[in-house]
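S.K.: Let me begin by handing over the structure; questions about it come next.
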Amino acid sequence: MSWKLKIFILILVFVITWIVVAPLLANRLIVEEPLGKADAIMVLSGSSVFVERTNRAAEAYKRGVSRLVLLTDDGGHAGWSKVEQRNPKFVELAEQELIRQGVAPKDIRVLDAEITGTIYEAKAIADEIKARHWKSILLVTSAYHTKRTVKTFEREIADKSVKIGVVSYPPGWQTPSPMTWWFSPQGWTMVGGEYLKSLYYWVYY
């Protein structure tokens, strides 16, 4: 067997293995723990993927899971708006999208502190839960962010009597499909990046 054929076979085996493993790596990051009722629905900041997150939150709101939807502000700004003549914040666009999807403005609240990561969102809601004596919270984020989200919030809330649920919009809209994520830079950022972030959280938190 020539060396060229050996290399070809090795590459072929790697490609076939990767095609099988890649979707498993993506799906391993996804968890779904819905709640029938919650004291609040919390939409985690996600910059450009705010649409799928707010849509999922609005669905839960309209099903009667909770009459309170919380938003966090990561400080990010969207592109230039010709209508508003400025770069609106993603949290503003998220609030507008919630209203467009049927959430009453009075039922939306933006948490005061500017958030720079999942850990700080968890700390912020832990304070809210303690102050308001909540017993349940439904988290809404993107699919590949769900597993780390649940672990982070469970650690920060640290109260076993508080129910923590998490839901996401099925990947394939603003989030790439588990079958094809590795074809795009966005997929590598969301799936590959999530593994790096999970490792970072494991080491430092």
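Numbering (this note's numbering), first residue to last: 235 to 439. Where is the CB? At the ideal position from N, CA and C, for every residue including glycine. Note that the structure is a prediction, hence the values are computed from the model and not measured.
#1: Considering Glu267, what are the terminal residues of the alpha helix (DSSP H) in which it resides?
#2: Where DSSP assigns a beta bridge to Glu348, which residues make up the other side?
#3: Spatial neighbours of Thr383 within its chain, please: CB distance less than 7 Å, with the 5 preceding and 5 following residues excluded, ordered by chain position.
#4: Would Glu267 be called buried (16 or more neighbouring beta carbons within 10 Å of its own) or exposed?
#5: Looking at Tyr435: is its Cβ nearer than 8 Å to the Cβ of Thr386?
#6: Thinking C-alpha only, which one of Val285, Ile342, Ile333, Val299 is nearest Gln408?
#7: Got a sec: is the Cβ-Cβ distance from Val374 to anything in chain C below 8 Å?
#8: Let me check understanding here. Comparing Cα to Cα, which of Trp416, Leu433, Tyr439, Tyr403 lies closest to Val265?
#9: Using only the alpha-carbon positions, how far apart do Gln420 and Arg290 sit?
#10: How far does the beta strand (DSSP E) with Ser402 in it reach, from first residue to last?
#11: Going by other Cβ atoms of all chains shown within 10 Å of its Cβ, with 16 needed for buried, is Phe417 buried or exposed?
#12: According to DSSP, what are the bridge partners of Met276?
#13: For Ser432, name the three-state secondary structure that DSSP assigns.
#14: Asp273 to Asp341, Cα distance in whole Å?
#15: Does the Cβ of Leu305 have 16 or more other Cβ atoms within 10 Å, making it buried, or fewer, making it exposed?
#16: What does the Cβ neighbour count give for Glu318, buried or exposed, with the cut at 16 atoms within 10 Å?
#17: Do you know whose CA, among Glu362, Ser281, Thr414, lies nearest Glu390's CA?
#18: Given a cut-off of 8 Å on the beta-carbon distance, is the pair Glu355 and Asp307 in contact?
#19: Beta carbon of Glu329, beta carbon of Val344: below 8 Å?
M.R.: Quick look at the numbers:
#1: To locate residue 267, count along the sequence shown from 1; it is residue 33. Premise fails: Glu267 is in no alpha helix (DSSP H) and is neither H nor E.
#2: Residue mapping note: residue 348 aligns to position 114 of the sequence shown, counting from 1. DSSP output for Glu348 lists Asp307 as bridge partner(s).
#3: Stepping through the sequence shown from its first residue, residue 383 is reached at position 149. Around Thr383: Leu278, Thr352, Leu373, Thr375, Val400.
#4: The residue you call residue 267 lines up with position 33 of the sequence shown. Exposed.
#5: Start at 1 with the first residue of the sequence shown, and residue 435 comes out as number 201. Start at 1 with the first residue of the sequence shown, and residue 386 comes out as number 152. For Tyr435 and Thr386, yes; Cβs fall inside 8 Å.
#6: Your numbering for residue 408 matches position 174 in the sequence shown. Ranking Val285, Ile342, Ile333, Val299 by Cα distance to Gln408 puts Val285 first.
#7: No chain C appears in this structure, which consists of one protein chain only.
#8: Along the sequence shown, one-based indexing puts residue 265 at 31. Ranking Trp416, Leu433, Tyr439, Tyr403 by Cα distance to Val265 puts Tyr403 first.
#9: For the purposes of this step, residue 420 is taken as the residue at position 186 of the sequence shown. For the purposes of this step, residue 290 is taken as the residue at position 56 of the sequence shown. Computed Cα separation, rounded: 21 Å.
#10: Counted from its first residue, the sequence shown places residue 402 at position 168. Note, Ser402: beta strand (DSSP E), 397-403.
#11: Residue numbering aside, residue 417 sits at position 183 when the sequence shown is read from its first letter. Counting the other CB atoms within 10 Å of its CB gives Phe417 a total below 16, which places it among the exposed residues.
#12: Along the sequence shown, one-based indexing puts residue 276 at 42. Met276 pairs with Leu304, Leu373.
#13: For the purposes of this step, residue 432 is taken as the residue at position 198 of the sequence shown. In this structure, DSSP gives Ser432 a helical state, which the three-state scheme calls helix.
#14: To locate residue 273, count along the sequence shown from 1; it is residue 39. To locate residue 341, count along the sequence shown from 1; it is residue 107. One C-alpha to the other measures close to 12 Å.
#15: The residue given as residue 305 occupies position 71 in the sequence shown. Leu305 comes out buried.
#16: Here residue 318 refers to the residue found at position 84 of the sequence shown. Result: exposed.
#17: The count along the sequence shown starts at 1 and reaches residue 390 at position 156. Closest by alpha carbon: Glu362.
#18: Position 121 of the sequence shown, counted from the first residue, corresponds to residue 355. Position 73 of the sequence shown, counted from the first residue, corresponds to residue 307. If you check the CB distance, Glu355 and Asp307 do not come in under 8 Å.
#19: Against the sequence shown, residue 329 aligns to sequence position 95. Against the sequence shown, residue 344 aligns to sequence position 110. Cβ distance < 8 Å, so Glu329 and Val344 count as in contact.
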